[in-house]
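Read the structure below first, then the notes.
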């Protein structure tokens with residue numbers, strides 16, 4: 025079987041698995057977020073934090089809950105890292121430096137999981153399991169809660185109430201993420217991923233000496249890393265490490281976990297607004313972009329030039345021979361079109377155009393299908409923009425799901441889509457203009473520029489993957505990328521929740537003959553075009569200086 029055929033068959037198997045899980049998981053999540061029942065363990069949590077889960081919140085109160093919980097999480101994770109040297113189970117590792125502790129705390133709380141450290145050489149069991157793994161759960165649950173709040177904004181009318189943040193946070197963690205993680209961890213252990221609390225030990229022979237490896241609760245952290253679109257690996261090699269990703273089957277399973285909740289949430293959206301066809305339209309938009317990017321990535325990596333690449337069957341540099349080009353390309357697109365950031369190959373070693381596809385996937389806003397929660401609310405923001413453009417073309421006041429899209433809604437949507445590009449481009453320009461940050465580049469020219477552009481694109485979009493040639497463990501990059509991660513995560517949420525509150529206060533608008541049907545293929549095509557045009561106009565000059573210049577020169 026040729027490598028191309030193997031890659032296509034894996035893609036088809038992945039689509040089949042996602043199709044089978046789509047309806048039951050999407051309906052389950054809709055029931056979870058619509059339920060009025062509180063389980064006993066959930067009541068214990070509410071009592072511990074002093075929350076009333078039955079009290080409805082308007083958007084400012086919902087936002088205060090999001091920001092307060094996240095701020096406490098950053099402080100807790102920062103303190104845990106700074107105290108590592110005196111904690112049990114630290115494996116002899118010392119406390120994390122202040123700038124790196126801030127960067128890591130911001131990263132995991134913002135669902136980014138950018139890592140400027142070697143996990144197996146820096147973090148002990150307590151920090152890994154009690155700090156980073158816990159944030160993998162709750163940061164994902166925060167994103168899902170904000171998405172559900174926006175969906176309620178569309179579904180409700182004549183009220184500014186969006187539900188209860190604490191109830192949404194706890195239910196998302198206890199009823200969705202935890203059960204799926206338990207099952208997924210068992211699958212990964214069966215595949216060969218390790219799950220223990222072993223200390224550091226020497227194994228094998230390497231360059232005339234031995235290698236040192238530490239154990240850890242890897243399988244349980246790996247599953248929520250992918251399921252919650254987090255991405256931070258227990259080991260520096262991330263999902264290319266055999267302890268995290270042992271076999272081709274586990275590799276395909278991890279891709280399935282990455283895409284599972286973001287795609288299924290479109291079903292949840294359709295169910296909660298009472299119109300499944302609207303969910304299918306969003307699903308189709310996400311699916312078209314994801315399949316298109318995957319096909320382009322496979323083409324760029326299999327389109328080999330020169331005798332070395334022809335002998336290898338494609339661009340094999342930086343890719344695991346266990347997985348090959350096809351599986352690596354599928355994983356790469358899945359992780360950059362979501363906010364995951366996990367890697368099973370070395371992104372910096374992809375072809376110039378392949379690196380450009382990775383960058384563009386993040387610059388779309390990671391909405392195809394995007395992160396858990398963030399992908400859905402990002403796509404709904406784009407849906408509002410597309411409706412507004414359609415309204416301008418026909419001279420009608422735009423409407424979406426029975427709500428008028430007025431000046432206020434468009435201003436909020438516009439602010440949302442401008443935040444991340446401003447962070448990416450301003451920080452990249454500053455890093456290139458100042459003398460010191462450029463010293464971290466491992467490569468000159470277009471590829472070196474791509475390393476820095478990729479770092480800020482990944483941080484501000486809460487992805488977490490890297491063009492790993494860049495040495496990001498400096499005070500400049502730890503601090504600025506940490507700031508970009510926090511602003512890129514929480515500033516957009518301000519506008520999402522404000523938009524949700526504005527929509528919930530409206531009364532429904534009856535559908536007329538002139539209403540744009542947003543559940544039809546025509547609108548899905550308009551939405552795809554809107555996304556690509558907005559992103560292209562925003563980022564094309566930067567892409568032209570980096571991956572496009574490199575790709576055309578090769």
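Residue numbers (my numbering): 25 to 578.
Glycine included, C-beta positions come from ideal geometry on N, C-alpha and C.
Please read these numbers as outputs of a predicted model, since none were measured by experiment.
Quick check on residue i: does DSSP put it in helix, strand or coil?
i: residue 435; result: helix
i: residue 82; result: strand
i: residue 238; result: strand
i: residue 374; result: coil
i: residue 61; result: coil
i: residue 427; result: strand
i: residue 52; result: helix
i: residue 343; result: strand
i: residue 225; result: strand
i: residue 474; result: helix
i: residue 489; result: coil
i: residue 464; result: helix
i: residue 250; result: helix
i: residue 181; result: coil
i: residue 26; result: coil
i: residue 482; result: helix
Decide if residue i is buried, meaning its Cβ has at least 16 other Cβ atoms within 10 Å, or exposed.
i: residue 430; result: exposed
i: residue 176; result: buried
i: residue 226; result: exposed
i: residue 160; result: buried
i: residue 282; result: buried
i: residue 418; result: exposed
i: residue 25; result: exposed
i: residue 452; result: buried
i: residue 99; result: exposed
i: residue 188; result: buried
i: residue 124; result: buried
i: residue 192; result: buried
i: residue 77; result: buried
i: residue 432; result: exposed
i: residue 182; result: exposed
i: residue 145; result: exposed
Is any heavy atom of the ligand ZN found at a distance shorter than 7 Å from the C-beta of residue i?
i: residue 283; result: Summarising the ligand content, the structure contains no ligands, and the ligand ZN is consequently not present.
Looking at the unbroken alpha helix (DSSP H) that takes in residue i, where does it start and where does it end?
i: residue 150; result: From DSSP, residue 150 is part of no alpha helix (DSSP H); its letter is neither H nor E.
i: residue 275; result: 272-297
i: residue 258; result: No alpha helix (DSSP H) contains residue 258, which DSSP labels as neither H nor E.
i: residue 325; result: 300-326
i: residue 400; result: 398-418
i: residue 391; result: No alpha helix (DSSP H) holds residue 391; DSSP gives it neither H nor E.
i: residue 211; result: 202-215
i: residue 502; result: 499-529
i: residue 560; result: 545-569
i: residue 193; result: 189-195
i: residue 358; result: 348-361
### Task
Count the CB pairs spanning the stretch 374-385 and the stretch 48-64 that are closer than 8 Å, and state whether there are at least three.
no
### Query
Are there three or more Cβ pairs, one per stretch, closer than 8 Å when the stretch 565-572 is compared with the stretch 466-477?
yes
### Query
Counting pairs of beta carbons, one from the stretch 439-459 and one from the stretch 488-497, are three or more of them closer than 8 Å?
no
### Query
Okay, do the stretch 297-315 and the stretch 548-568 touch, 3+ Cβ pairs below 8 Å being the bar?
yes
#### Entry: At least 3 beta-carbon pairs within less than 8 Å: the stretch 480-490 vs the stretch 432-450
yes
### Task
Would you list, in sequence order, the uninterrupted alpha helix (DSSP H) runs of no fewer than 4 residues that lie entirely inside the stretch 96-162?
122-133 and 143-146
### Query
Are three or more beta carbon pairs between the stretch 284-299 and the stretch 168-188 nearer than 8 Å?
yes
### Message
Does the structure place the stretch 138-151 close enough to the stretch 255-269 that three or more beta carbon pairs sit under 8 Å?
### Response
yes
### Query
Can at least three beta-carbon pairs, one atom from the stretch 296-304 and one from the stretch 343-350, be found at a separation below 8 Å?
no
### Query
Three or more C-beta pairs closer than 8 Å, one from the stretch 82-95 and one from the stretch 109-125: is that the case here?
no
### Query
At a cut of 8 Å, does the stretch 367-374 reach the stretch 34-54 through at least three beta carbon pairs?
no
### Message
Assess contact between the stretch 140-159 and the stretch 194-201, defined as three or more Cβ pairs (one per stretch) separated by less than 8 Å. Is contact present?
### Response
no
### Message
Under 8 Å: do the stretch 143-154 and the stretch 95-115 share three or more Cβ pairs, one atom per stretch?
### Response
yes
### Query
Counting pairs of beta carbons, one from the stretch 532-540 and one from the stretch 501-514, are three or more of them closer than 8 Å?
no
### Meets three-Cβ-pair contact criterion under 8 Å: the stretch 314-325 and the stretch 354-365
yes
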